[in-house]
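S.K.:
Protein chains in written order, with my numbering: chain A, 1 to 624; chain B, 1001 to 1258.
1. Would a check of beta-carbon distances place residue 161/A closer than 8 Å to chain B?
2. Mapping the DSSP letters down to three states, classify residue 175/A as helix, strand or coil.
3. Locate the beta strand (DSSP E) running through residue 488/A, then write down its first and last residues.
4. Closer than 9 Å, Cβ to Cβ, to anything on chain B: give me those residues from the stretch 269-299 of chain A, in chain order.
5. Starting from residue 50/A, find everything on chain B with Cβ-Cβ shorter than 7 Å and list it in chain order.
6. Give me, in chain order, the residues of the same chain whose beta-carbon lies closer than 6 Å to that of residue 489/A; leave out the 5 immediate sequence neighbours on both sides.
7. Under the three-state reduction of DSSP, which class applies to residue 283/A: helix, strand or coil?
8. Work out the CA separation of residue 1053/B and residue 1149/B for me, nearest whole Å.
9. Please report the distance separating the alpha-carbon of residue 621/A from that of residue 566/A.
10. Which word fits residue 244/A, buried or exposed, when buried means at least 16 other C-beta atoms lie within 10 angstroms of its C-beta?
11. Buried or exposed: where does residue 296/A fall if 16 or more other Cβ atoms within 10 Å of its Cβ makes it buried?
12. Less than 8 Å separating the beta-carbons of residue 319/A and residue 327/A?
13. Tell me residue 1063/B's beta-bridge partners as DSSP assigns them.
14. Enumerate, from N- to C-terminal direction, the unbroken beta strand (DSSP E) stretches of 3 or more residues contained entirely within the stretch 442-523 of chain A.
15. So that I know if they touch, is there some Cβ in chain B lying closer than 8 Å to that of residue 216/A?
16. Quick check on the burial criterion: 16 or more other C-beta atoms within 10 angstroms. Buried or exposed for residue 495/A?
17. Which residues in chain B sit within 9 Å of residue 47/A, going by Cβ to Cβ distance?
18. Would you kindly work out how many angstroms separate the C-alpha atoms of residue 1194/B and residue 290/A, rounded to a whole number?
19. Between residue 31/A and chain B, is any beta-carbon pair separated by less than 8 Å?
20. Check whether chain B comes within 8 Å of residue 220/A, counting only Cβ atoms and requiring the distance to be less than that.
21. Check the DSSP bridge columns for residue 221/A and list the partner residues they point to.
22. Which ranges would you report for the beta strand (DSSP E) in the stretch 341-387 of chain A if only whole runs of at least 3 residues count?
23. If the cut-off is 7 Å on Cβ atoms, which residues from the stretch 1229-1240 of chain B count as contacting chain A, listed in chain order?
24. Could you tell me the distance, in whole angstroms, from the CA atom of residue 1166/B to the CA atom of residue 37/A?
25. Under 9 Å between beta-carbons, which chain A residues line up against residue 1049/B? List them in chain order, please.
26. Can you find a CB in chain B that lies within less than 8 Å of the CB of residue 200/A?
27. What does the alpha-carbon distance come out to for the pair residue 349/A and residue 452/A?
28. Check distances from the C-beta atoms of the stretch 1113-1136 of chain B to those of chain A and list, in chain order, the residues that come in under 9 Å.
29. What separation, rounded to the nearest whole angstrom, lies between the Cα atoms of residue 1250/B and residue 580/A?
30. Please list the terminal residues of the continuous alpha helix (DSSP H) segment that includes residue 586/A.
31. Tell me, please, whether the CB atom of residue 153/A is closer than 8 Å to any CB atom in chain B?
32. At a cut of 8 Å, does the stretch 458-469 of chain A reach the stretch 424-444 of chain A through at least three beta carbon pairs?
33. Can you find a C-beta in chain B that's less than 8 Å from the C-beta of residue 556/A?
34. Pull up the DSSP beta-bridge partners for residue 1188/B, would you.
35. Grab the span of the beta strand (DSSP E) containing residue 597/A for me, first residue to last.
36. What's the gap between the Cα of residue 106/A and the Cα of residue 150/A?
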């Protein structure tokens, strides 16, 4: 030791050793403290298990070892792998559980707070689909139910013993297994364990999915540590036209029982037909005994919904807070989503008055107004309604009366307008201006809504536009979607689309045939949303879509919803063409694979009502 | 040795801390009177005992059913091993009473089975399977037995991660794995369709228990098989088991060659 620096180093080492006499010999499970295991470095997956699935892809109907419930099995059997030729499916990333099974390199690194060196997060980067997972280690809570979902979800972690335990929520709908349709829903949660044995890393994933699984799905993934940067980390993807001249309402899928390759897997490997379709039991030693008791009739029945059952109901988390409060979720820039009073409300703020889209049920309008006051000190200047329903117009009167439109006083428009006819208010400084498609006005007036609740600033054709608070705002009429007066409201600069009841994450679309709604119009409206969206990366992010009900979404949720409506329409259409009555269509359980997501047997909008709406709108105006 | 003023000051600054450390050690019982180390059973960082059922969620077809001859993707087999696998004949195995070839230690844990784990005294763990009615013994300390049977000789240790400040120079931290190294196995099959491993194979396994919040307890066995005679590279897999309450489902069956 030849220098003072050397002696200082020695002293520090001595101090470290000395401190060991004081400190308990336990690593911590407390967020923010030193990790008992270091996962940092470059890792390559060890592909000694499931290589065929993880490489070329899995075979149709190879669902053995997956505890799929009936909805999951039928969803998978309805799936056509060519669905990925559709533009909006081409670049979809992997969900977190499958991401860990992907080919390609992995890199793990720690993020530490600069001044304290507390562990803030562990980052996991996967080459395939450029999957970047962030595992927050600082004790932050998971987001609320109305927050956006992503393919990798929101993850928090803590160390328990020698393992990193990670909990992930807020994932999107996607594939539990790649290529053959085995689904995972947006209601799934993931628990993971990372444990390291020298230069080997084992990652255990436990997926719990009340929508598609009858019990948790457990898999493990192995990685070997790489000493140097393997250098390949990117995975470029842009969508494009893969098959030309297809109608926009075409979604590749198979009607129940018509998947032509459904028996190929069993035939090729000389397995019983039912062997991979029996769900949870396929994971256990009991499978062999179970197969001995399966009759041919029972095996064949697995390809279609079980007869005679009532529709399942949604297993999803209710995204409504129902706590008597209005919750604000920042969407982007100056656009916010307000949750808590029935339908979602959107508020845009700026140096002009607030622009509000929809007003909720109106049962908590005072709190809605108070929430808006926390976002801006300007008055509510404009209110736009996406449709006439009470969940979206119920607060019109209260929010309108709380606002003012300073652009009108003294204008020729106000002086000349026959207010008694148009419904504009005598004193615009005492009321916001409300806009909507004219059919909203007509239907609200016909329903006897008070004048102060009815939009007066209406448009008749396909588009209404307004530049406000520095953004270009457009209303696009969607003819005969869920009603005849639906509008999309598009904040162009913020890149946010407010969809109203054209799109929800919670229920089947409320197609109100009597009010001009139709399944074809709804599909066209969903496609119109998709014509305007641009994802940020690997099929997610970018344009945000505020649903009429449910969590803040992007194009992925809309395309899944569009697919669902198209698929259900096609099934009902096929039955109609075969001469089925409405009762026969209902008995066929044409929504069986979606009911655990969207189904309801009670309440204002049931599965039967949705099926009936599709049936009647198809009968009224047969689809192409 | 002559110290400069700076060096001496540094050393002096740390001396009280060193003295405190010695004092703490004395309060623990003193360095000169080492406490008896706990038995492996007492030192267990987690409880492995009980009945567990395998969850066959990977390589499902090859594990729940006997694959066809020649179906050995993606095993890193040597040319010699491929030749053996390609000549698999279960009837021959049956004829010579070798039905248990797929039930040796290197293949056993991947079969659909229930396992029971229990302490056998203070220094050994016993693992039984109902598939093939096999018993593995994991000995802490000196291995026992001469091997040469399906399950070979297994040496067990608690494999705890090293924490930099835990114990002087790095000692065990909380948690850890059960590490089992098995050698001297009778040559057997990695898969029921005759994919071979040899007498010189070395099987290293890590047993980890994970408690799923609000739910199941999982046992994950990460295994590495090194067999230069039959494998081009080490063969890594990880098998998961779910803990069961009680003994329901335990169904001892004899080995089957097919």
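Glycine residues also receive a C-beta, built at the ideal position from the N, C-alpha and C atoms.
M.R.: By the coordinates alone:
1. yes
2. strand
3. 486-491
4. 269, 270, 271, 275, 276, 282, 283, 284, 285, 286, 287, 288, 289
5. Neighbours of residue 50/A on chain B, chain order: 1058, 1059.
6. So the list reads 357, 384, 475, 498, once near-sequence residues are dropped.
7. In the structure shown, the three-state DSSP call for residue 283/A is helix.
8. Whole-angstrom Cα-Cα distance: 24 Å.
9. The alpha-carbon atoms of residue 621/A and residue 566/A are separated by roughly 15 Å.
10. exposed
11. exposed
12. In this structure, residue 327/A does not lie closer than 8 Å to residue 319/A by Cβ.
13. According to DSSP, which records beta bridges pairwise, residue 1063/B is partnered with nothing at all.
14. DSSP runs (the beta strand (DSSP E)) wholly in the stretch 442-523 of chain A: 457-459, 463-468, 471-478, 486-491, 496-500.
15. yes
16. buried
17. 1074
18. 26 Å
19. Residue confidence is low: residue 31/A scores 48 on pLDDT, short of 50, so the model does not pin down where it sits. Its coordinate-derived value is still stated next. Taking Cβ atoms only, chain B never reaches closer than 8 Å to residue 31/A, which makes this a no.
20. yes
21. 203/A
22. 345-348, 354-357, 380-384
23. 1235, 1236, 1237, 1238, 1240
24. Model confidence at residue 1166/B stands at a pLDDT of 44, short of 50, so the residue's coordinates are unreliable; what they give is reported in the following sentence. Looking at the two C-alpha atoms, the distance is approximately 13 Å.
25. Near residue 1049/B there are no residues of chain A at all, since even the closest Cβ is about 17 Å away, more than 9 Å.
26. It does: the Cβ of residue 200/A has a partner Cβ on chain B nearer than 8 Å.
27. Each residue's alpha carbon lies about 23 Å from the other.
28. 1113, 1114, 1130, 1131
29. 50 Å
30. 582-587
31. In terms of beta-carbon proximity, residue 153/A stays away from the interface with chain B, with every pair separated by 8 Å or more.
32. yes
33. no
34. Bridge partners of residue 1188/B: 1197/B.
35. From DSSP, residue 597/A is part of no beta strand (DSSP E) but of the alpha helix (DSSP H) over 595-598.
36. 19 Å
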